[in-house]
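Written below as C-alpha cells is the structure these notes are about.
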Amino acid sequence: MQGRILTKRILFAEGDGVGPEVVDAARRVIDAGVEKAYRGKRRVEWEEVYIGSKAMSRFGNRIPDISVRRIKEAGMLFKGPVETPVGSGFRSINVFLREALDLYANIRPVKHLDGVPSPLADPKSVDMVIFRENTDDLYTGIEWQYKSAGAAKLRKIVHKELGVELEGDAGLGIKQISKAKTVRITKAAIDYAIMNKRKSITIMHKGNIMKYTEGAFREWAYETAAKFYKGKVVTEEEVLKRHNGVTPKGRVLIKDRIADNLLQQIILKPGAYDIILAPNVNGDYISDAAGALVGNIGVLGSIDAGDSGAMFEPVHGTAPKYAGMNVANPMGAISAGKLMLEYIGWGDAGRIVWKAVEKAIKARKVTRDLASGLHVMPLGTSEFADAVVDAIKG
Ligand code: NAP
Numbered sequence: 000m001q002g003r004i005l006t007k008r009i010l011f012a013e014g015d016g017v018g019p020e021v022v023d024a025a026r027r028v029i030d031a032g033v034e035k036a037y038r039g040k041r042r043v044e045w046e047e048v049y050i051g052s053k054a055m056s057r058f059g060n061r062i063p064d065i066s067v068r069r070i071k072e073a074g075m076l077f078k079g080p081v082e083t084p085v086g087s088g089f090r091s092i093n094v095f096l097r098e099a100l101d102l103y104a105n106i107r108p109v110k111h112l113d114g115v116p117s118p119l120a121d122p123k124s125v126d127m128v129i130f131r132e133n134t135d136d137l138y139t140g141i142e143w144q145y146k147s148a149g150a151a152k153l154r155k156i157v158h159k160e161l162g163v164e165l166e167g168d169a170g171l172g173i174k175q176i177s178k179a180k181t182v183r184i185t186k187a188a189i190d191y192a193i194m195n196k197r198k199s200i201t202i203m204h205k206g207n208i209m210k211y212t213e214g215a216f217r218e219w220a221y222e223t224a225a226k227f228y229k230g231k232v233v234t235e236e237e238v239l240k241r242h243n244g245v246t247p248k249g250r251v252l253i254k255d256r257i258a259d260n261l262l263q264q265i266i267l268k269p270g271a272y273d274i275i276l277a278p279n280v281n282g283d284y285i286s287d288a289a290g291a292l293v294g295n296i297g298v299l300g301s302i303d304a305g306d307s308g309a310m311f312e313p314v315h316g317t318a319p320k321y322a323g324m325n326v327a328n329p330m331g332a333i334s335a336g337k338l339m340l341e342y343i344g345w346g347d348a349g350r351i352v353w354k355a356v357e358k359a360i361k362a363r364k365v366t367r368d369l370a371s372g373l374h375v376m377p378l379g380t381s382e383f384a385d386a387v388v389d390a391i392k393g
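The numbering of the sequence shown is numbering that gives the first Met the number 0, which starts it at 0 and goes up by one.
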C-alpha cells in the first residue's frame, strides 16, 4: 500500500516570448528533483494562472483580476518573463505584481558554474547576491509624456511653488526613494548576510549626483546597519581606522560604491564583491552586467520576496527573437525553481536539481547561448531539460 503523499500546490504562469519554453523545462526538472529527493512521497501539484499575452487572449486583460486574486491567496508564484512595451503601451505586469504583493526584495544570486564560458579569465571568484529594492525609485512609473496636460501642470506648479524652470518640451518623471523602503531592504540584506555567513554588503548608488534620493539610500542603509546590527557589522571606514584594514571575524563588512564605478569593479575585481544592495534601477543594471560574468542573464534565477509572499522567475526577459524556437537557455528558470524549492523547505530537491544542472554542464550539454563558447553542438531548451532530468535520475 502506498503511504501518504505530501502535495504542494504551486501556481505558475508561463509568461510571454520564451517564457512557456523555459517554464515548461523548469517544471519538468523540478518534478524530477522532487521525485528523486522524496521517492514519490512529495509532489508538486501545478496550477496555471494566466498573465501576459495568454491572459490577453483568454480574458482580454494581461493581468486579470482572477489571476491576481489567486496569486494573492496563494502568496506564491512561479513565473516566466512577461513583455512590457518600450516608450508607450501598458505598464509592466511584473512591477504590478511586485507592488500588489509588496515583494520588496528582488534577490538575485550570481555564481559561476564550472564549465560555463565567461569573459573573465578567472570566473570562479564570482559569487554575488544582488539585493535589489523592488517597489521604489523610478519603477513606480510616475511620469508624464512631454506634451501631456499633466506635464504642463507639473511644470507650472514646480515653477510657481519652487521657482524651478523645467524644459517646455521634456517628458517628466518623479524619482522617489523612501526611507522606510530603504530601511526594510537593508534589513533584508543584512539578515541574509548574517544567516548565510556572507562577507560583505556593498551599497550601490549614484549619491554624488542624486544626493537626496540615491545619496539618501546610502545614508539610510549605513544608518540602519549601525542602529540595528551593532556588533554584527563593520563599515569599511571603521576597518581602515580601527582594525588595521582587517575585517573583524564574524562581522559583515558594509561598504559603498558609486554605481558607475561598481559596474567596472565587478568586472575587474569580482571577488571583492559579495552582496550588492541597490535601489531598483541600479539593481536592474548591475544584474545584467553580473549575469554576463557567469554566462549571460539566461542563467540567472531570482526571488521577489516580501513579508508574506514570494515570486520566483528567471532574471531574463522574453527574448522575443527566440520565442517558439526551442533555443532559450532554461537555466534561469531552473535556478528560480531551485530557489523556490528552498523557500518551501524542500531544499534537498533544490540541491539535487542544481547538482544535475552542474553535471549536464560538465558533460558540455548546453543550449545555443553557451555552446559556441564551448565549441559543442547546442541542445534545444527541451533537450537540455531532458539532459538535466536524466542526470537527476542517473
Ligand atoms: P531579454 O528578453 O532578457 O533579452 C536580452 C538578450 O539576452 C537576448 O536577446 C539574448 O541575447 C539574451 N537572453 C535572454 N534570455 C535568454 C535565454 N533564456 N537564453 C539565452 N539568451 C538569453 O531582454 P530585453 O530584450 O531587454 O527585453 C525583452 C522583453 O522582456 C521586454 O518586453 C522587457 O520588458 C521584458 N522583460 C521582462 C522581464 C520579466 O518579466 N522579469 C525581465 C526583463 C525584461 P542575444 O541576443 O545576445 O542572444
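Note that CB positions come from ideal geometry on N, CA and C, so glycine has one too.
Asked                                                                                                        : Found
Local conformation of P84 per DSSP, three classes                                                            : coil
For K35 and H374, the rounded distance between their alpha carbons                                           : 32 angstroms
One or two residues paired with T201 in a DSSP bridge                                                        : K254 and I275
I50 to D126 span [Cα, whole Å]                                                                               : 33 angstroms
Backbone secondary structure at P116 - three-state DSSP                                                      : coil
CA-to-CA distance, A332 to E218, given in whole angstroms                                                    : 35 angstroms
For M0, the three-state DSSP class (helix, strand or coil)                                                   : At M0, the pLDDT of 45 sits below 50, so the modelled position is not reliable; the number obtained from the coordinates is stated separately. DSSP places M0 in coil when its eight states are reduced to three.
Ranges of the beta strand (DSSP E) found wholly within the segment 283-366, counting only runs of at least 3 : 300-304 and 309-313
Beta-carbon proximity of E142 to G167, cut-off 8 angstroms                                                   : no
Rounded distance between the beta-carbons of L10 and L76, thought under 8 angstroms                          : 5 angstroms
Distance cut-off 7 angstroms: P319 Cβ against heavy atoms of the ligand NAP                                  : yes
Element boundaries [alpha helix (DSSP H), containing L239]                                                   : E235 to R241
Cβ-heavy atom distance, N195 to the ligand NAP, below 7 angstroms                                            : no
Any non-hydrogen atom of the ligand NAP within 7 angstroms of P80 CB                                         : yes
Inter-residue Cα distance where the pair is K177 and E237                                                    : Position check: residue 177 holds Ser in this sequence, whereas Lys was assumed. In a straight line, the C-alpha of S177 is about 27 angstroms away from that of E237.
A327 CB to nearest heavy atom of the ligand NAP below 7 angstroms                                            : yes
Beta-ladder partner(s) of I9, from DSSP                                                                      : W45
Closer than 7 angstroms: E142 CB and nearest the ligand NAP heavy atom                                       : no
Extent of the continuous alpha helix (DSSP H) to which I184 belongs                                          : K178 to M194
Pick from S56, D23, V115 and V109 that is closest to K78, judged by C-alpha positions                        : D23
Collapsed DSSP secondary structure at G214 in the structure displayed                                        : helix
Nearest-angstrom Cβ-Cβ length linking K229 and R250, presumed shorter than 8 angstroms                       : Going by Cβ atoms, the distance from K229 to R250 rounds to 10 angstroms, so no, they are not a contact pair.
Close Cβ partners of L165 (< 8 angstroms) along its chain, the five nearest in sequence each way excluded    : L153, R154, V157, H158 and L171
Opposing strand residues paired with I65 [DSSP bridges]                                                      : DSSP lists no partner for I65.
E382: CB within 7 angstroms of a non-hydrogen atom of the ligand NAP                                         : no
The ligand NAP heavy atom lying under 7 angstroms from the CB of G316                                        : yes
Residue burial classification, M0 (beta-carbon count within 10 angstroms, cutoff 16)                         : Annotation note: pLDDT 45 at M0 (below 50); position unreliable, no value reported.
K248, DSSP secondary structure in three states                                                               : coil
Sufficient close CB pairs (3 or more, under 8 angstroms) joining the segment 4-21 to the segment 317-334     : yes
Straight-line Cα distance separating R363 from M376                                                          : 9 angstroms
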